[in-house]
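Heads up: the structure comes next, in C-alpha cells.
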DNA sequence: CGGTAATCTAGAACAAGTTTCAGAACTGAA
DNA sequence: TTCAGTTCTGAAACTTGTTCTAGATTACCG
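See below:
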C-alpha cells in the first residue's frame, strides 16, 4: 500500500508545473476532481471509491491512478481545489472586525459555516489531509500554504483605497511571533474540524476553540511586550 | 468498510466495564495490544496488519475482531495503553517550571521526546486517532480525556507536602477559559504531531508551536483581566 | 458429570485500494 | 502520411481490512 515506482521519473500530470497538460488532459483532470467532490458530498471519505470515480469520470482506472497516485492524493487535490474557491469567496467579503484576532476568527467561522453546508465533503477532505503520509507531503503543504494565505489575508488590516490587482498584503509583513500564532491557529482549525466531523465536539465548541486560539494573534501583535517565557524555555 | 452489526447488542469485551473479562481473556487482550504496539513500532500504521496481529498474538482473526472491531479501534486502544504508561511516567517527574504555561510546555515536550524514540509507533497511533470515524468516538474520547488529564496535572502548581494517594488536583478547579485553552493545546498537540510525523515540520518547529500555544494558559490564568474580544464576538 | 450457551478457531469469501499488462488511441515530428 | 513514443483503455490480479460459517473449546449451572 502506497509505493510509487512509475511516478517520479516520468513526472506525471499531478504536478501543475512540470509537463504542460493538453486541453483534453486538463478536461480529464477537471472531470475527475468534479466527480470526486460530488461523490464525497454524498457519503464522505468512504463514498469516494476509485472505481466509481474512474467510471463516473469516463476514464480508465489506470488513468485515474496516473493523474492521482492514490485516493488520498485525489482527495487532497480536491481540497486544494475547494480551498481556492473558498479563498476567492472570502476575499470578496473581508471581515468587518477591527482587531486582527477577531478578523481571523470571523473569517474562519465563515469558512466553517461553508463547510457545514457540505459536511460529507468536509469529512472526506479533512480525513484525507490528516491521514496523508509522507508521499503526499508536497500536496498537503500546498493546502497548508493556502490556509495560511487565507488567515494572513484576514489578519491584514482593511485598506482604504481599493487595490487594483496582484496578490495583496505586501504592506505589513507579519512578525515571526504572528507566524507562529498562525501556525497554531491552523493546527487548531484542523483538529477542531476533526473533532466536529467525528461528532465529538459541537459547532459551538468549535467556535469557542477558534475564538480562544485567535487571541494569540492579538497577544503577539507587534508593539506588545512579551512578558512571559521567551521562545526557548 | 466500517459497519458493526454484531457488536453493540452483545457488549463485547472492548468496553472495560460491561462484562468482567476472564483471566484468559484479559491475557488475550494484553497479548493483542502488545503485538499491535510491536508491529507498529516497526513500520507504523501500515505495518499493523490484522492477520499478522492475530497470528502473532495466537488468536484467530475472528477473535481479534471480537476484541477490537476494527484496525482503528485496535490502534486507538493501543494508544490508550501507551498514554496511561506515559501519564504515570510523567506524574513521577513533575515539571520544574513555575508558570503553568511553561509547565505544560515542558511536560508536552517530554512526551514528545518519548514519542520520538518510537516514531513509527507514534505514527500508527496518531494516524488512527485522527482517522477514526464516529464509530470510534467513545474510545477516542477516552484518549482525549487522558491527554487532558496529563495537561491539567502539569498545569497544577507544585504541592509542598507529598500527597498520600488517590487522584490529585481537586485543589484549584481550572476556569472555563483555562479549559478552553487546554482544548486548544490538545488540538495543537495532535496537529503538530501530525505535521512532524509526515515530515512537514521539524522537531524545533513543533517545540515552537507548543510553546506558542501554551502562552494561552498564562493569558487565561485566573486573576488576569480579559482585555480583548469576549467569547462571543 | 451432562448440557447448554458463549467463545474461539480455521478458513473461505467479500470489498475496495492498488498494480499490472496487452493492445488501442493519440501526439508530435519527419 | 507514416513512424515512434506516449497516453489511455479494459480487464484481470493482488493486497489487506472485514465478514461469515461450521465446527471445536470453554465456561457455567445444575
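Chains as they are written, first to last, in the working numbering: chain B, 6 to 238; chain P, 6 to 238. We put the CB at the ideal spot given by N, CA and C, even for glycine. Owing to the predicted nature of the structure, the values given are computational and were not obtained by experimental measurement.
Chain-ordered chain B contacts of residue i [CB-CB under 9 Å]
i: residue 208/P; result: Those do not exist, as residue 208/P stays about 13 Å from chain B at its closest Cβ, beyond 9 Å.
i: residue 146/P; result: 205
Listed by chain order, chain P residues near residue i by CB distance under 7 Å
i: residue 115/B; result: Neighbours of residue 115/B on chain P: none; closest Cβ ~12 Å, over 7 Å.
i: residue 138/B; result: 203
i: residue 177/B; result: What residue 177/B touches in chain P: nothing, since even the nearest Cβ is about 19 Å away.
i: residue 192/B; result: 192, 193, 196, 197 and 214
i: residue 239/B; result: Here chain B has residues from 6 to 238 only, and residue 239/B is not among them.
Cβ neighbours of residue i in the same chain (closer than 7 Å, five flanking residues each side left out)
i: residue 66/B; result: 55, 56 and 59
i: residue 220/B; result: 106
i: residue 102/B; result: 108 and 111
i: residue 137/B; result: 77, 81 and 145
i: residue 119/P; result: 91
i: residue 218/B; result: 189, 190 and 193
i: residue 186/P; result: 221, 222 and 225
i: residue 199/B; result: 131 and 135
i: residue 182/B; result: 225
i: residue 153/B; result: 187 and 191
Simplified DSSP state of residue i, which is helix, strand or coil
i: residue 54/P; result: coil
i: residue 174/P; result: Its pLDDT being 46, under 50, residue 174/P is placed unreliably by the model, and nothing is read from it.
i: residue 204/B; result: coil
i: residue 98/P; result: coil
i: residue 138/B; result: coil
i: residue 106/P; result: helix
i: residue 225/B; result: coil
i: residue 73/P; result: coil
i: residue 27/B; result: coil
i: residue 64/B; result: coil
i: residue 162/P; result: coil
i: residue 124/B; result: helix
i: residue 179/P; result: coil
i: residue 48/B; result: helix
i: residue 169/P; result: With a pLDDT of only 49 at residue 169/P, under the threshold of 50, the placement of this residue in the model should not be trusted, and no figure is reported.
Residue i: contacting residues in chain B (beta-carbon distance under 7 Å)
i: residue 73/P; result: Under the 7 Å cutoff, chain B gives no residues; its nearest Cβ is about 18 Å from residue 73/P.
i: residue 254/P; result: In the structure as shown, chain P starts at 6 and stops at 238, and residue 254/P therefore has no counterpart that could be examined.
Residues of its chain near residue i, where Cβ-Cβ distance is below 8 Å and the 5 sequence neighbours each way are ignored
i: residue 114/P; result: 212 and 215
i: residue 95/B; result: 112, 115, 116, 155, 158 and 159
i: residue 86/P; result: 38 and 42
i: residue 52/P; result: 44, 45, 125 and 129
i: residue 69/P; result: 37, 55, 58, 59, 62 and 79
Cβ separation of residue i and residue j, assumed to be a contact under 8 Å, to the nearest whole Å
i: residue 128/P; j: residue 73/P; result: Not quite, the Cβ-Cβ distance comes to about 19 Å (not below 8 Å), so this is no contact.
i: residue 88/P; j: residue 41/P; result: Actually they do not touch by this definition, with Cβ atoms about 14 Å apart.
i: residue 204/P; j: residue 139/B; result: 5 Å
i: residue 34/B; j: residue 26/B; result: 7 Å
i: residue 36/B; j: residue 75/B; result: At roughly 19 Å, the Cβ-Cβ gap does not stay under 8 Å, so residue 36/B and residue 75/B are not in contact.
i: residue 195/P; j: residue 147/P; result: Going by Cβ atoms, the distance from residue 195/P to residue 147/P rounds to 15 Å, so no, they are not a contact pair.
i: residue 38/P; j: residue 83/P; result: 6 Å
Cβ neighbours of residue i in the same chain (closer than 6 Å, five flanking residues each side left out)
i: residue 123/B; result: 46
i: residue 14/B; result: Low per-residue confidence applies at residue 14/B: pLDDT is 33, beneath 50, and the placement is therefore not dependable, though the value from the model is reported in the following sentence. Excluding sequence neighbours, residue 14/B sits near nothing in its chain.
i: residue 104/B; result: 223
i: residue 201/B; result: 211
i: residue 197/B; result: 211 and 214
i: residue 132/P; result: 50
9 Å Cβ cut-off: residues of chain P touching residue i
i: residue 56/B; result: Under the 9 Å cutoff, chain P gives no residues; its nearest Cβ is about 14 Å from residue 56/B.
i: residue 217/B; result: 182, 185, 186, 188, 189, 221, 225 and 236
i: residue 132/B; result: 135, 136 and 138
i: residue 46/B; result: By Cβ distance, chain P contributes nothing, its closest Cβ being about 17 Å from residue 46/B, past 9 Å.
i: residue 142/B; result: 203, 204 and 205
Check: residue i C-beta below 7 Å from any heavy atom of the ligand FAD
i: residue 161/P; result: Ligands displayed in this structure: none; no statement on the ligand FAD is therefore possible.
**Asked** Do three or more CB pairs link the segment 134–145 of chain B to the segment 177–189 of chain B at distances below 8 Å?
**Response** no
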